[in-house]
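> In my numbering, the protein residues as written are 1 to 513.
So this is what it looks like as structure tokens:
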């Protein structure tokens, strides 16, 4: 990395110690990490479902609309605040304590500046979007940004030590607190505030927990001499973070500006948030675990490529049927749990679910690129996506309102997902053939299984009541999963065997020497 690496060879004053090499094999640590994160996220998602049901009954779509604008702006602010410092520290895990102090004070400086900008622009943004409550929601976001800047270094410390169980426990505790407070405040009539304030309070609790579990060794000086070595990578990651935030949140901003009635953007936000539960359950957790593991294989591209392909293939085997099944049962689930108020969201959930089926690996691919230190490539890709996504969404919104915007998201996702996977593997010898192998069979088998299940149920009379909804959900899930397993065993026997071994035999393996 040239000049950026030169400080690593400098002697450091004081009693700083670098992380020793872990004695746990990376494969086993990664698998265990995925298991921890999957377990906590599964529990969190179950909890969030009950929270979503409660909030859907306690709040109106307009409340979700204003909250979605605040969350979108918060996502951009958090991308700036993080500045990629967590990723930089994880990539330099073997020299963590050499960089911890400089990263800590740099995070504080960036977080404080970001919060001040939010405080100054909050009234202007509220007027721009014609959303009177937005200003006070952004004040809460500014506090959250400051708190998160304190959590950057200890969070990176836990990742560097591969302590995924601790991270999973903290994440679950944060989810429990946020959901409980949201329901409590919503029942008290706090409206959109009941979505934003719990995020601030739960972030405070998470930060305290991170410092308790992984307090880094810090020096009470700015250590400015090291800032210059992180600024280049940090700026690139800030640019990447902001640009990558656009495909996740600019659609809310566009719809919020186009429609004075925030019910439209509220329904769109609620549907998209509901549809991403599967995506978050699978993709984000695998990406979090893979980053530190792949970063340790930077000098072994063949192993790095093999590890990525295995993780991506296993993820697609699970994610493809999960996303398409989510689309298949969206109508009876929303009818059963959320009632007539949210019926307009059915089509949106279905379109989003199909969209995520090919973009579910994007986070894993981004982790691969970060682990390789190819930040400039990530910046170029992010800039391209930041232009393409608003164009797709805007064209869709003008053609077909909210459902058209969702179709724009689908088109973008199906283009960007495979492209990012190819970019992640090309320098390690990966080709478009590898990309095709990762996506093709799981998607084809999933689509065929869902189609057969829905066709079979279409000829069976089902009562139009709550019992009928339950019957449709259970029948669709059972028929689709049975069909998918059968198809995968026929057309992708090696992939099925690998997934079966990971799920059922991982606990029986002897530790690697």
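Ideal placement from N, C-alpha and C gives every residue a C-beta, glycine not left out. Note that this is a predicted model, so its numbers are computed, not measured.
(1) Using CA coordinates, which residue listed in 414, 273, 148 is at the minimum distance from residue 354?
(2) Quick one: what's got a C-beta closer than 8 Å to residue 134's C-beta in the same chain, skipping five residues either side?
(3) Taking only three categories from DSSP, how would you classify residue 324?
(4) Residue 488 by DSSP, collapsed to three states: which one?
(5) Helix, strand or coil, according to DSSP, for residue 25 in the structure here?
(6) Helix, strand or coil, according to DSSP, for residue 139 in the structure here?
(7) Quick check: the Cα distance between residue 44 and residue 387, rounded to an integer number of angstroms?
(8) Might you give, ordered along the chain, the residues of its own chain that have their beta carbon closer than 6 Å to the beta carbon of residue 424, omitting 5 neighbours on each side?
(9) Can residue 206 and residue 174 be called in contact, C-beta distance under 9 Å?
(10) Within a Cβ cutoff of 6 Å, which residues of the same chain sit near residue 185, ignoring the five residues on either side of it in sequence?
(11) Ordered along the chain, which non-local residues of its own chain (more than five positions away) have a Cβ less than 6 Å from that of residue 516?
(12) Tell me the rounded alpha-carbon separation between residue 275 and residue 102.
(13) How is residue 273 classed by DSSP in three states: helix, strand or coil?
(14) In this structure, how does DSSP classify residue 259 when only helix, strand and coil are distinguished?
(15) Can you give me the start and stop residues for the alpha helix (DSSP H) that residue 401 sits inside?
(16) Where does residue 361 sit, in a helix, a strand or coil, going by DSSP?
(17) Would you please state the rounded distance, in angstroms, between the beta carbons of residue 251 and residue 405? I believe it to be under 8 Å.
(18) Flag this pair as yes or no: are the beta carbons of residue 484 and residue 449 separated by less than 9 Å?
(19) In three-state terms, what does DSSP make of residue 59?
(20) If contacts are defined as beta-carbon pairs under 8 Å, then residue 147 and residue 118 qualify, I think. What distance do you get, rounded to the angstrom?
(21) Note the first and the last residue of the continuous alpha helix (DSSP H) segment covering residue 456.
(22) Using 10 angstroms around the beta-carbon of residue 469, count the other beta-carbons present and answer buried if the total reaches 16, otherwise exposed.
(23) Which of the three DSSP states, helix, strand or coil, is assigned to residue 350?
(24) Per DSSP, what kind of secondary structure is residue 429 in: helix, strand or coil?
(25) Comparing C-alpha positions only, which one of 180, 157, 265, 421 sits nearest to residue 129?
(26) If you drop the 5 nearest sequence neighbours on each side, which residues of the same chain put their C-beta closer than 6 Å to that of residue 169?
(27) Are the Cβ atoms of residue 385 and residue 247 separated by less than 9 Å?
(28) What's the gap between the Cα of residue 313 and the Cα of residue 356?
(29) Would you report the Cα separation of residue 114 and residue 86, rounded to the nearest angstrom?
(30) Please decide whether residue 140 counts as near chain B, where near means a Cβ-Cβ distance under 9 Å.
(31) Determine the burial state of residue 116: buried for a count of at least 16 other Cβ atoms within 10 Å of its Cβ, exposed for fewer.
(32) Pull up the distance between the alpha-carbon of residue 481 and that of residue 327, whole angstroms please.
(33) Where does residue 215 land, buried or exposed, given buried means 16+ other C-beta within 10 angstroms?
(34) So, are the CB atoms of residue 107 and residue 149 less than 9 Å apart?
(35) Considering only residues of the same chain and omitting the five flanking positions on each side of residue 441, which have a CB-CB separation below 8 Å?
Taking the coordinates as given:
(1) 414
(2) 66, 69, 70, 122, 125, 126
(3) helix
(4) helix
(5) Any reading at residue 25 must be qualified, since the residue scores a pLDDT of 47, below 50, and its modelled position is unreliable; the value itself is stated next. Correct three-state label for residue 25: coil.
(6) helix
(7) 33 Å
(8) 365, 368, 369
(9) yes
(10) 194
(11) Coverage of the chain is limited to positions 1 through 513, which leaves residue 516 absent and any answer about it impossible.
(12) 39 Å
(13) helix
(14) coil
(15) 375-425
(16) coil
(17) 6 Å
(18) yes
(19) coil
(20) Their Cβ separation, rounded to whole angstroms, is 13 Å, which puts residue 147 and residue 118 out of contact at 8 Å.
(21) 432-458
(22) buried
(23) helix
(24) coil
(25) 265
(26) none
(27) yes
(28) 16 Å
(29) 17 Å
(30) Looking at the structure shown, chain B is missing, and only one protein chain is on hand.
(31) exposed
(32) 14 Å
(33) exposed
(34) yes
(35) 488, 491, 492, 495
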